[in-house]
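Enquirer: Chains as they are written, first to last, in this note's numbering: chain A, 98 to 205; chain B, 677 to 906.
Even glycine gets a Cβ: it sits at the ideal position worked out from N, Cα and C.
This one's a predicted model, so the numbers in the text were calculated from it and none came from an experiment.
1) Do you know offhand how far residue 900 of chain B's Cα is from residue 730 of chain B's?
2) Cβ atoms of residue 728 of chain B and residue 740 of chain B: under 8 Å apart, would you say?
3) Just tell me which of A:147, A:170, A:120 and A:165 has its CA closest to the CA of residue 742 of chain B.
4) Under 9 Å between beta-carbons, which chain B residues line up against residue 188 of chain A? List them in chain order, please.
5) Do residue 725 of chain B and residue 152 of chain A come within 8 Å of each other at the CB atom, strictly closer than that value?
6) When DSSP labels each residue in this structure, what does residue 889 of chain B get in the three-state scheme?
7) Can you check whether the CB of residue 827 of chain B is closer than 8 Å to the CB of residue 873 of chain B?
8) Mark residue 797 of chain B as exposed unless 16 or more other C-beta atoms lie within 10 angstroms of its C-beta, in which case mark it buried.
9) So which residues on chain B does residue 130 of chain A lean against when the C-beta distance must stay under 9 Å?
10) Quick one: Cα of residue 749 of chain B to Cα of residue 839 of chain B, how far?
11) Helix, strand or coil: which one does DSSP assign to residue 825 of chain B?
12) Can you tell me whether DSSP reads residue 149 of chain A as helix, strand or coil?
13) Quick check on the DSSP output: the alpha helix (DSSP H) that includes residue 677 of chain B runs from which residue to which?
14) If the criterion is Cβ atoms closer than 8 Å, does the pair residue 853 of chain B and residue 131 of chain A meet it?
15) Identify the residues that DSSP records as bridge partners of residue 842 of chain B: which are they?
16) Pull up the distance between the alpha-carbon of residue 906 of chain B and that of residue 187 of chain A, whole angstroms please.
17) Given a threshold of 16 other Cβ atoms within 10 Å of its Cβ, counted over all protein chains shown, does residue 715 of chain B qualify as buried or as exposed?
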């Protein structure tokens with residue numbers, strides 16, 4: 098593995114660790130509710146009479162909402178993958194003479 | 677950082693919409709100009725949009741026992757300057773407001789102001805500053821993206837505090853209260869966002885060095901691997 102690839106994997110690992118630490122150490126009985134929702138609770142606690150004056154036009158159920166969140170991530174990630182593939186291919190085609198030289202570097 | 681639908685009083689909602697609108701319109705023009713003047717960067721522009729789209733969908737647990745999400749707007753601000761992200765970030769927010777009931781139409785102006793305007797400008801400012809101070813690309817990208825993330829959430833805290841001042845301690849007390857909900861949850865997530873943005877910039881440097889040089893993100897072509905290096 099090249100040094101560059103190693104650094105990239107370490108970056109991924111660091112993100113996974115930061116995300117996993119709260120799950121492991123705070124305990125599985127914590128709900129990890131969204132901070133956005135906590136803000137709403139805070140508002141309602143301070144202003145018990147407050148009624149939202151507008152409600153979402155389309156409000157999916159919790160299960161559906163998590164599917165849509167996953168879909169958002171998947172669509173974005175798929176598009177990112179496509180873009181990286183295209184950029185990489187374009188770079189290779191733009192330097193046909195260098196491709197043969199660059200390949201050993203990619204395998205390293 | 678999404679302020680839920682209907683939770684900003686009408687006057688505040690209108691004021692933030694009026695404040696955000698010119699930035700978004702200017703951003704739309706900036707996107708059109710970018711595509712026309714340098715069509716080769718279209719793919720990078722797509723990558724900047726897709727990155728914000730992915731990151732704002734990731735709910736990551738935090739040490740406070742709640743969860744929150746990154747914003748992903750630092751990358752595009754560094755690559756294309758902040759106006760471009762004013763449009764792309766607002767599109768992401770609109771998608772979430774309409775389809776996931778996350779955020780809202782009435783709060784779109786306020787959410788766009790924090791995530792698509794304040795965040796990107798902080799990212800860009802920090803990136804330029806680190807460059808001037810002689811910091812490397814990765815350091816600049818990390819600080820830019822993570823501070824932009826924190827700035828976004830701090831802005832949300834101020835927006836909520838202005839709408840809901842504390843009965844005893846006023847707006848300032850309320851900033852502290854909402855800041856405790858948002859900003860502290862957000863610190864580890866801002867670090868995550870910084871690391872992920874560094875990762876994607878490293879990958880972009882590999883596949884698209886010429887465009888990054890032209891955009892001024894890279895200052896010298898030294899990062900292109902020399903063929904004889906292998």
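Expert: Per the coordinate set shown:
1) As a working mapping, residue 900 of chain B is identified with position 224 in the second chain. As a working mapping, residue 730 of chain B is identified with position 54 in the second chain. The pLDDT assigned to residue 900 of chain B is 48, lower than 50, so where the model puts this residue is not dependable, and the model offers no usable value.
2) If you number the second chain from 1, residue 740 of chain B lands on position 64. If you number the second chain from 1, residue 728 of chain B lands on position 52. No.
3) On the second chain, position 66 is the one that residue 742 of chain B refers to. Closest in C-alpha terms to residue 742 of chain B, from the list A:147, A:170, A:120 and A:165, comes A:120.
4) In the first chain, counting from the first residue as 1, residue 188 of chain A sits at position 91. The contacting residues are 882, 883, 884, 885 and 886.
5) Counting from one through the first chain, the residue named residue 152 of chain A turns up at place 55. Counting from one through the second chain, the residue named residue 725 of chain B turns up at place 49. With respect to the 8 Å criterion, residue 152 of chain A and residue 725 of chain B are not classified as neighbours on the basis of their beta carbons.
6) Mapped onto the second chain, residue 889 of chain B falls at position 213. Assigned with DSSP and collapsed to three states, residue 889 of chain B falls in helix.
7) Within the second chain, numbered from 1, the residue matching residue 873 of chain B stands at position 197. Within the second chain, numbered from 1, the residue matching residue 827 of chain B stands at position 151. Contact flag unset, no.
8) In the second chain, the residue the question calls residue 797 of chain B occupies position 121. The Cβ neighbour count for residue 797 of chain B, taken over all protein chains shown within 10 Å, is at least 16; the residue is labelled buried.
9) By 1-based counting over the first chain, the position of residue 130 of chain A is 33. Against chain B, the beta carbon of residue 130 of chain A has neighbours under 9 Å at 741, 742 and 743, listed in chain order.
10) In the second chain, residue 749 of chain B corresponds to position 73, counting from 1. In the second chain, residue 839 of chain B corresponds to position 163, counting from 1. Each residue's CA atom was taken as its position, placing residue 749 of chain B and residue 839 of chain B some 25 Å apart.
11) Position 149 of the second chain, counting from 1, holds the residue named residue 825 of chain B. Under the three-state reduction of DSSP, residue 825 of chain B is assigned to helix.
12) Within the first chain, the letter at position 52 stands for residue 149 of chain A. Correct three-state label for residue 149 of chain A: coil.
13) Translated into positions along the second chain, residue 677 of chain B becomes position 1. Run containing residue 677 of chain B: none; DSSP gives neither H nor E here.
14) Stepping through the second chain from its first residue, residue 853 of chain B is reached at position 177. Stepping through the first chain from its first residue, residue 131 of chain A is reached at position 34. No, the Cβ-Cβ distance between residue 853 of chain B and residue 131 of chain A is not below 8 Å.
15) Taking the second chain and counting its residues from 1, the one referred to as residue 842 of chain B is at position 166. B:846, per the DSSP bridge assignment.
16) As a working note, residue 906 of chain B is residue 230 in the second chain. As a working note, residue 187 of chain A is residue 90 in the first chain. Its pLDDT being 41, under 50, residue 906 of chain B is placed unreliably in this model, and the coordinates cannot settle the point.
17) In the second chain, residue 715 of chain B corresponds to position 39, counting from 1. Residue 715 of chain B comes out exposed.
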